[in-house]
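One structure is given here, and the rest of the page talks about it.
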Amino acid sequence: SQQGEEDPQALSIQEGENATMNCSYKTSINNLQWYRQNSGRGLVHLILIRSNEREKHSGRLRVTLDTSKKSSSLLITASRAADTASYFCATASAAGNKLTFGGGTRVLVKP
Amino acid sequence: DAGITQSPRHKVTETGTPVTLRCHQTENHRYMYWYRQDPGHGLRLIHYSYGVKDTDKGEVSDGYSVSRSKTEDFLLTLESATSSQTSVYFCAISESPSSVYGYTFGSGTRLTVV
Numbered sequence: 743s744q745q746g747e748e749d750p751q752a753l754s755i756q757e758g759e760n761a762t763m764n765c766s767y768k769t770s771i772n773n774l775q776w777y778r779q780n781s782g783r784g785l786v787h788l789i790l791i792r793s794n795e796r797e798k799h800s801g802r803l804r805v806t807l808d809t810s811k812k813s814s815s816l817l818i819t820a821s822r823a824a825d826t827a828s829y830f831c832a833t834a835s836a837a838g839n840k841l842t843f844g845g846g847t848r849v850l851v852k853p
Numbered sequence: 393d394a395g396i397t398q399s400p401r402h403k404v405t406e407t408g409t410p411v412t413l414r415c416h417q418t419e420n421h422r423y424m425y426w427y428r429q430d431p432g433h434g435l436r437l438i439h440y441s442y443g444v445k446d447t448d449k450g451e452v453s454d455g456y457s458v459s460r461s462k463t464e465d466f467l468l469t470l471e472s473a474t475s476s477q478t479s480v481y482f483c484a485i486s487e488s489p490s491s492v493y494g495y496t497f498g499s500g501t502r503l504t505v506v
């Protein structure tokens with residue numbers, strides 16, 4: 743079973759709009775990470791947020807974490823066509839020795 | 393991807409044959425992982441390694457074995473390939489499980505079992 747579940751499964755937006763996707767998980771975590779996957783490629787690490795952090799920023803990315811609700815969100819601001827990809831959340835267990843991935847959100851940014 | 397290569401990139405094999413996939417890294421990272429990716433399932437962990445000769449099972453390890461005799465190489469073997477093992481296999485590396493840099497993934501091996 744998947745630890746992380748992303749919502750929505752698919753998202754279509756216009757270039758310049760913001761894209762928001764959510765991730766829920768079930769058990770206690772050490773950290774939560776977000777990855778991007780372009781079609782036919784490997785995953786690329788975007789950002790990591792630790793369990794004692796509530797918000798992190800990296801460029802146009804903003805990640806929040808609510809451990810009381812066991813949920814996280816990824817916001818991509820001012821989206822570009824190049825942001826078209828699948829986005830995955832992944833949780834690291836309390837032991838922190840492996841990541842469990844969710845099913846991903848497919849994002850399409852239309853020019 | 394920089395520092396990690398998977399071979400082969402594509403393979404077609406027959407049911408019942410053994411298959412070995414190779415992951416090679418040049419980063420000297422301690423941790424290495426094998427995942428499979430299937431539609432509707434995201435990525436699922438098969439096996440991982442936390443050092444030379446130190447490996448452990450993931451959530452979908454049945455039918456797979458691994459070996460790590462050197463820091464740089466992590467081999468995944470399908471002992472007797474089945475059609476349900478048709479998938480895209482990804483190797484990943486990390487210097488520590490909680491590294492701020494996360495995992496670095498290879499480009500994947502697309503395996504088809506006929």
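Protein chains in written order, with the numbering used here: chain A, 743 to 853; chain B, 393 to 506. Here a beta-carbon is modelled for each residue, glycine too, at the ideal position from N, C-alpha and C. Small disclaimer: the values here were computed from a predicted structure and weren't measured.
- When the Cα atoms are used, Leu503 of chain B and Thr405 of chain B turn out to be separated by approximately 8 Å.
- Distance from the CA of Ser793 of chain A to the CA of Gln417 of chain B, rounded to the nearest whole angstrom, comes to 29 Å.
- Against chain A, a Cβ distance below 7 Å from Val492 of chain B picks out Leu790.
- If you look at Asn773 of chain A, you'll find it in the beta strand (DSSP E) that goes Ile771 to Gln779.
- Proximity of Ser499 of chain B to chain A, defined by a Cβ-Cβ separation below 8 Å, is satisfied.
- For Ser476 of chain B, the secondary structure class from DSSP, reduced to helix, strand or coil, is helix.
- Judged by DSSP in its simplified three-state form, Asp808 of chain A adopts strand.
- When rounded, the separation of the alpha-carbon atoms in Glu795 of chain A and Ser815 of chain A is 13 Å.
- Closest in C-alpha terms to Tyr493 of chain B, from the list A:Val786, A:Pro750, A:Ser835 and A:Glu757, comes A:Val786.
- Residues are counted here when their Cβ sits less than 9 Å from a Cβ of chain A; for the segment 430-449 of chain B these are Gly432, His433, Gly434, Leu435, Arg436, Leu437, Tyr440, Tyr442 and Asp448, given in chain order.
- Chain B has a Cβ within less than 8 Å of the Cβ of Gly844 of chain A.
- At a C-beta separation below 8 Å, Ala834 of chain A has these neighbours in chain B: Pro489 and Ser490.
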